[in-house]
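A.B. asks: Protein chains in written order, with the working numbering: chain A, 8 to 120; chain B, 146 to 258.
All C-beta atoms in this analysis are idealised placements derived from N, C-alpha and C, irrespective of residue type, glycine included.
Predicted model, so just to flag it, every value in this text is computed and none were measured.
#1: Could you tell me which chain A residues have their CB closer than 7 Å to the CB of residue 187 (chain B), listed as they occur along the chain?
#2: Name the chain B residues that come within less than 7 Å of residue 49 (chain A), Cβ to Cβ?
#3: Please classify residue 74 (chain A): does DSSP put it in a helix, a strand, or coil?
#4: Kindly give me the distance between the Cβ atoms of residue 106 (chain A) and residue 193 (chain B), rounded to whole angstroms, as I take these residues to be in contact under 8 Å.
#5: Shortest alpha-carbon distance to residue 182 (chain B) belongs to which of B:229, B:235, B:197?
#6: Sort out for me which residues DSSP pairs residue 28 (chain A) with in a bridge.
#7: Taking residue 99 (chain A) as part of the beta strand (DSSP E), name the residues at either end of that continuous run.
#8: Could you check whether the Cβ of residue 32 (chain A) sits closer than 9 Å to any Cβ belonging to chain B?
#9: Taking only beta-carbon positions, decide if residue 99 (chain A) is within less than 9 Å of chain B.
#10: Do we get a CB-CB distance below 9 Å when we pair residue 149 (chain B) with the residues of chain A?
#11: To test your reading of the DSSP string, which unbroken beta strand (DSSP E) runs of 3 or more residues are found completely within the region 29-54 of chain A?
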């Protein structure tokens, strides 16, 4: 079946460096993508989203890149801080909304002081 | 404060004893959804609701029921819990189904013995 997954389950980055978290998806009908952050003991928190008519979107210290040709999504976090340590999930949908979101299994990002 | 509130946060119960996990949001959101989170499987959708009295199955609805009698509340009912329903449950809401930012509750950890 269709799946959303991540290339690396864990990622360690030095504080202040940039980090890149990758996500592959297989559903060619996917048209909406979201990144969530989940800190230990908390619910996921929305970071940024992108629709399939875009290939890049920027937020505060974060950038999401979408490559529809290879069905790949990435989240770039600039100048990482200790508070960025968390599990990051990508999610996708094929109806431009939350109705039927499919989540990946997550990447654990650890910021090294 | 805008929030999604789940109760109970932690529960240990026995097989077959009916239980309800409540979810309430104070943001006047139309869309609400329940997910379960299991190691290695990520977040999987159980049920969702587009508005009052409108509910539909997600990817793993077996063994669960929901109702949406009021806009703010979306309880998850386990009529006869079984050990395979031991999991971490999250309720989420968004303004409408086609807006990206899902707001999640803090989670309810359920153990069925």
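C.D. replies: The answer reads as follows:
#1: Under the 7 Å cutoff, chain A gives 96, 110, 111, 112, 113.
#2: Neighbours of residue 49 (chain A) across chain B, judged by C-beta separation under 7 Å: 251.
#3: Three-state result, residue 74 (chain A): strand.
#4: Rounded, the Cβ-Cβ distance is 7 Å, consistent with contact.
#5: It is B:235.
#6: The partner list for residue 28 (chain A) (beta bridge, DSSP) reads A:82.
#7: Looking at the DSSP string, the run of the beta strand (DSSP E) that includes residue 99 (chain A) is 93-100.
#8: False, the Cβ-Cβ gap to chain B never drops below 9 Å.
#9: For residue 99 (chain A), the nearest beta carbon of chain B is not closer than 9 Å to its own beta carbon.
#10: The C-beta of residue 149 (chain B) comes closer than 9 Å to at least one C-beta of chain A.
#11: Entirely contained in the region 29-54 of chain A, the beta strand (DSSP E) runs reaching 3 residues are, in chain order, 39-45.
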